[in-house]
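Numbering (our numbering), first residue to last: 305 to 423.
Ideal Cβ placement from N, Cα and C applies to all residues, glycine included.
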Ligand code: SF4
Ligand code: SF4
């Protein structure tokens, strides 16, 4: 196929990709690793997640015996989820994390805001 006919064909064909954000995002598959979810009620403060995290995303809060994290550091490896003995950590299907505000609430997990986790 010649270059011109290839260009013309592409000009009038439908896009191959989803038109997000004009349309809803496509469903993500099972096992997708989105934003980390934390349930403080299930957390026993064992700190295993803190030890395995390769990016120091998670910090232990000794007073509360809970954790806090800033998603801006997370590489979504899921190691903390795998090691957590109580299921307090899960990878959600939420991947809509773009923001021009590094203090955006969606980046915080646990009582991170008052601890200045992002610094
Ligand atoms: S998913 Fe990986 S990088 Fe993110 S907090 Fe857990 S261990 Fe750290
Ligand atoms: S591994 Fe689980 S139970 Fe232990 S501190 Fe982390 S979130 Fe809490």
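Nearest neighbour of residue i, chosen from the options [CA to CA]
{"i": "residue 353", "options": "393, 330 and 329", "result": "393"}
{"i": "residue 383", "options": "319, 333 and 355", "result": "355"}
{"i": "residue 342", "options": "377, 328, 391 and 336", "result": "391"}
{"i": "residue 399", "options": "372, 313 and 379", "result": "379"}
{"i": "residue 359", "options": "374, 308, 313 and 338", "result": "374"}
{"i": "residue 371", "options": "322, 314 and 414", "result": "414"}
{"i": "residue 287", "options": "386, 320, 366 and 316", "result": "A question about residue 287 goes unanswered here, because the residues of the chain that appear run from 305 up to 423."}
{"i": "residue 377", "options": "328, 407, 313 and 312", "result": "407"}
{"i": "residue 369", "options": "388, 347, 381 and 389", "result": "347"}
Residue environment, residue i, which counts as buried when at least 16 other CB atoms sit within 10 Å
{"i": "residue 423", "result": "Residue confidence for residue 423 is low, a pLDDT of 48 falling below 50, so the modelled location carries little weight; the figure read from the coordinates is stated next. Its Cβ having fewer than 16 others within 10 Å, residue 423 is exposed."}
{"i": "residue 418", "result": "Bear in mind that a pLDDT of 49 at residue 418, under 50, signals an unreliable position, so the number given afterwards is only what the model happens to contain. Burial call: exposed."}
{"i": "residue 362", "result": "buried"}
{"i": "residue 315", "result": "exposed"}
{"i": "residue 320", "result": "exposed"}
N-terminal and C-terminal residue of the alpha helix (DSSP H) that residue i is part of
{"i": "residue 383", "result": "383-387"}
{"i": "residue 316", "result": "307-316"}
Extent of the continuous beta strand (DSSP E) to which residue i belongs
{"i": "residue 352", "result": "Where residue 352 is concerned, there is no enclosing beta strand (DSSP E), although the alpha helix (DSSP H) it sits in stretches over 352-356."}
{"i": "residue 370", "result": "370-374"}
{"i": "residue 363", "result": "362-365"}
{"i": "residue 342", "result": "340-342"}
{"i": "residue 395", "result": "393-395"}
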